[in-house]
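Quick note: the sequence shown, position 215, residue 215 per the UniProt record's numbering, numbers continuous.
Every residue, glycine too, gets a C-beta built ideally from N, C-alpha and C.
Notes follow the structure.
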Amino acid sequence: MTDERDHGQTPATQGSRIDAYVDRYAARATGMVASEIRALFAVASRPEVVSLAGGMPYVTALPLDMVGELVSDLVTRRGPVALQYGSGQGDPHLREQICEVMRMEGIHAGANDVVVTVGSQQALDLITRIFIDPGDVVLAEGPSYVGALGTFAAYQAKVVHVAMDEQGIVPESLAQTIYALETAGAPIKFLYTIPTFQNPAGVTLNLARRQQVLDICQRAGVLIVEDNPYGLLGFDGEPMRALRADNPDGVVYLGSFSKTLAPGFRVGWALAPHAVRDKLVLAMESAVLSHSSFTQLAVGQYLATQPWQEQIKTFRELYRERRDALLEALVALMPPEVTWTRPGGGFFVWATLPEGLDSKAILPRAVAERVAFVPGTGFFSDGSGARQMRLSYCYPEPDRIREGVRRLSGVIEQEIQLRDTFGTGSTRGHAGVDTPGPDLA
Ligand SMILES: Cc1ncc(COP(=O)(O)O)c(C=O)c1O
Numbered sequence: 001m002t003d004e005r006d007h008g009q010t011p012a013t014q015g016s017r018i019d020a021y022v023d024r025y026a027a028r029a030t031g032m033v034a035s036e037i038r039a040l041f042a043v044a045s046r047p048e049v050v051s052l053a054g055g056m057p058y059v060t061a062l063p064l065d066m067v068g069e070l071v072s073d074l075v076t077r078r079g080p081v082a083l084q085y086g087s088g089q090g091d092p093h094l095r096e097q098i099c100e101v102m103r104m105e106g107i108h109a110g111a112n113d114v115v116v117t118v119g120s121q122q123a124l125d126l127i128t129r130i131f132i133d134p135g136d137v138v139l140a141e142g143p144s145y146v147g148a149l150g151t152f153a154a155y156q157a158k159v160v161h162v163a164m165d166e167q168g169i170v171p172e173s174l175a176q177t178i179y180a181l182e183t184a185g186a187p188i189k190f191l192y193t194i195p196t197f198q199n200p201a202g203v204t205l206n207l208a209r210r211q212q213v214l215d216i217c218q219r220a221g222v223l224i225v226e227d228n229p230y231g232l233l234g235f236d237g238e239p240m241r242a243l244r245a246d247n248p249d250g251v252v253y254l255g256s257f258s259k260t261l262a263p264g265f266r267v268g269w270a271l272a273p274h275a276v277r278d279k280l281v282l283a284m285e286s287a288v289l290s291h292s293s294f295t296q297l298a299v300g301q302y303l304a305t306q307p308w309q310e311q312i313k314t315f316r317e318l319y320r321e322r323r324d325a326l327l328e329a330l331v332a333l334m335p336p337e338v339t340w341t342r343p344g345g346g347f348f349v350w351a352t353l354p355e356g357l358d359s360k361a362i363l364p365r366a367v368a369e370r371v372a373f374v375p376g377t378g379f380f381s382d383g384s385g386a387r388q389m390r391l392s393y394c395y396p397e398p399d400r401i402r403e404g405v406r407r408l409s410g411v412i413e414q415e416i417q418l419r420d421t422f423g424t425g426s427t428r429g430h431a432g433v434d435t436p437g438p439d440l441a
């Protein structure tokens with residue numbers, strides 16, 4: 001018998017690895033499984049690997065001294081409020097400021113209809129919690145945001161994907177899907193959509209389609225959940241008009257300071273019709289009592305005293321330069337059979353491999369060549385996406401992005417040669433869930 005105390009060490013894992021409670025979990029927990037590719041991503045976070053996988057904002061571009069002073073000043077001057085419980089709906093002054101931010105996308109709303117949440121991820125959780133019974137249908141673009149798909153799975157929703165192209169959701173596909181589900185008697189609880197600079201596809205719903213999507217959903221009585229964390233990170237022109245701007249009663253809008261300030265504050269929000277808002281506040285209170293007063297006041301102080309629109313401009317310019325580096329490298333280096341989207345903002349490019357290639361099977365080889373991406377299957381709930389991959393340009397510097405594309409192109413070229421010789425490229429051993437961790441979402 002070994003006794004770790006003899007060596008003054010604590011064992012990394014204690015007790016049995018067998019799960020004694022395996023038959024006790026709620027049915028909803030069966031959908032909560034770690035990705036089989038998580039271990040690969042752990043390797044991918046090593047400095048020698050160029051990660052085109054992560055969706056982390058480049059917070060180093062913030063004036064960190066200013067943030068430090070702001071936080072310290074907050075504790076000194078307003079400590080008794082900042083360190084106290086707050087209300088379930090969120091700080092009233094911050095909710096006013098959030099309304100000002102949303103005006104940039106054409107939304108005119110009252111602070112009373114805003115609920116501050118722990119990132120927009122919690123807003124997603126609360127919306128799903130109040131609307132979804134097991135088996136209920138949620139419509140979502142195919143592909144869609146992994147964090148939302150994970151939440152929908154946790155509440156046992158059935159996700160039905162709606163087709164999307166370079167201009168966003170295809171309205172005809174939306175109408176047909178709604179019709180087919182209605183005819184089959186399947187209740188649709190809401191359409192979840194990321195209309196602007198979509199994660200993972202990078203595409204934006206064009207203006208004409210925005211109206212069509214609103215009309216189709218209104219006619220069918222389908223609530224829209226508009227998730228918009230990237231809307232202010234456009235590279236050209238003015239921000240797009242939000243769907244919520246044209247239908248206050250038919251849209252729940254989700255926003256976040258994660259990409260325009262920093263995700264570490266964990267401040268997001270939901271703007272909802274009155275009755276939905278009331279349910280969200282109750283759900284929020286049962287989940288966490290109240291959001292952190294401290295981070296809400298810190299974000300409020302930042303918006304009140306700092307040139308936040310200038311900071312967003314800085315982020316936009318930085319991400320535009322990285323987007324350009326990625327697109328130029330793809331054009332210069334990728335085999336001609338590979339195609340990809342051209343985002344006008346946000347963090348992501350969605351690439352499609354030629355027939356016979358499988359992005360998840362290629363990932364181990366890519367990581368061995370010191371480049372990482374997220375395979376496409378994680379962004380669908382129906383196993384689609386095998387030939388696709390998400391490439392993000394938000395975090396690595398432009399030279400690293402170019403080097404990453406050079407490595408990836410080499411791997412894909414070899415895969416094409418394999419396919420041409422043997423009829424297929426690398427293949428996967430077994431299917432599985434691909435949900436990456438939060439830093440990759
Ligand atoms: C589309 C989308 N929605 C929601 C979130 C969650 O963001 P947060 O909880 O940090 O606000 C993310 C994060 O990457 C995202 O890409």
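- Between residue 376 and residue 388, the C-beta spacing is below 8 Å.
- A Cβ-Cβ contact shorter than 8 Å links residue 408 with residue 371.
- Remark: the shortest separation between the CB of residue 227 and any heavy atom of ligand 1 falls under 7 Å.
- By the 16-neighbour rule on beta-carbons within 10 angstroms, residue 353 is buried.
- Taking the CA atoms as reference points, residue 184 sits about 58 Å from residue 69.
- For residue 390, the uninterrupted beta strand (DSSP E) run begins and ends at 388-392, by DSSP.
- Within 7 Å of the C-beta of residue 120 there is at least one heavy atom belonging to ligand 1.
- Between ligand 1 and residue 376, a heavy atom-to-CB distance of less than 7 Å is absent.
- In this structure residue 426 is not in contact with residue 386, their Cβ atoms being roughly 12 Å apart against a cut-off of 8 Å.
- Distance from the CA of residue 235 to the CA of residue 321, rounded to the nearest whole angstrom, comes to 10 Å.
- By the beta-carbon neighbour count (other beta carbons within 10 angstroms, threshold 16), residue 108 is exposed.
- Around the Cβ of residue 332, a 10 Å sphere holds fewer than 16 other Cβ atoms; the residue is exposed.
- Taken atom to atom, the span from the alpha-carbon of residue 420 to that of residue 176 is near 38 Å.
- The beta carbons of residue 61 and residue 314 sit closer together than 8 Å.
- Annotation for residue 26 indicates a beta carbon at 7 Å or more from all heavy atoms of ligand 1.
- Taking all protein chains in view, the Cβ of residue 25 is surrounded by fewer than 16 other Cβ atoms within 10 Å, so the residue is classified as exposed.
- Exclusion of residue 319 from the 7 Å shell around ligand 1 follows from its C-beta lying no nearer than that to any non-hydrogen atom of the ligand.
- Judged by the Cβ position, residue 58 fails to qualify as a neighbour of ligand 1 at the 7 Å threshold, every heavy atom of the ligand being at least this far.
- For the set 368, 230, 391, 390, the Cα lying nearest the Cα of residue 48 is the one of 368.
- A straight line joining the alpha-carbon of residue 155 with that of residue 126 spans about 11 Å.
- Taken through DSSP and simplified to helix, strand or coil, residue 66 comes out as helix.
- C-alpha of residue 398 to C-alpha of residue 317: approximately 12 Å in a straight line.
- Annotated three-state conformation of residue 381 is coil, per DSSP.
- Judged by DSSP in its simplified three-state form, residue 336 adopts coil rather than helix or strand.
- Every unbroken stretch of the beta strand (DSSP E) spanning 3 or more residues and falling wholly within the stretch 134-170 is given here in chain order: 137-141, 158-162.
- For residue 98 and residue 303, the gap between their C-alpha atoms comes out near 9 Å.
- Proximity of the stretch 223-234 to the stretch 85-98 falls short of the contact definition, fewer than three beta-carbon pairs being nearer than 8 Å.
- When the five nearest sequence neighbours on each side are left out, the beta carbons in the same chain lying within less than 8 Å of the beta carbon of residue 412 are those of 334, 335, 338, 353, 357, 362, in order along the chain.
- If you check the CB distance, residue 164 and residue 201 come in under 8 Å.
- Taking 7 Å as the cut-off, one finds no heavy atom of ligand 1 near enough to the beta carbon of residue 186.
- Bridge partners of residue 358 according to DSSP: none are assigned.
- A check of alpha carbon separations from residue 41 across 373, 382, 191 identifies 373 as the nearest.
- Between residue 293 and residue 81 the beta-carbon gap is near 6 Å, inside 8 Å, which marks them as a contact.
- Distance from the Cα of residue 366 is smallest, within the candidate group 17, 405, 282, for 405.
- Residue 223 has its alpha-carbon roughly 6 Å from the corresponding atom of residue 251.
- For the options 136, 417, 67, 326, the alpha carbon positioned closest to that of residue 305 is the one of 67.
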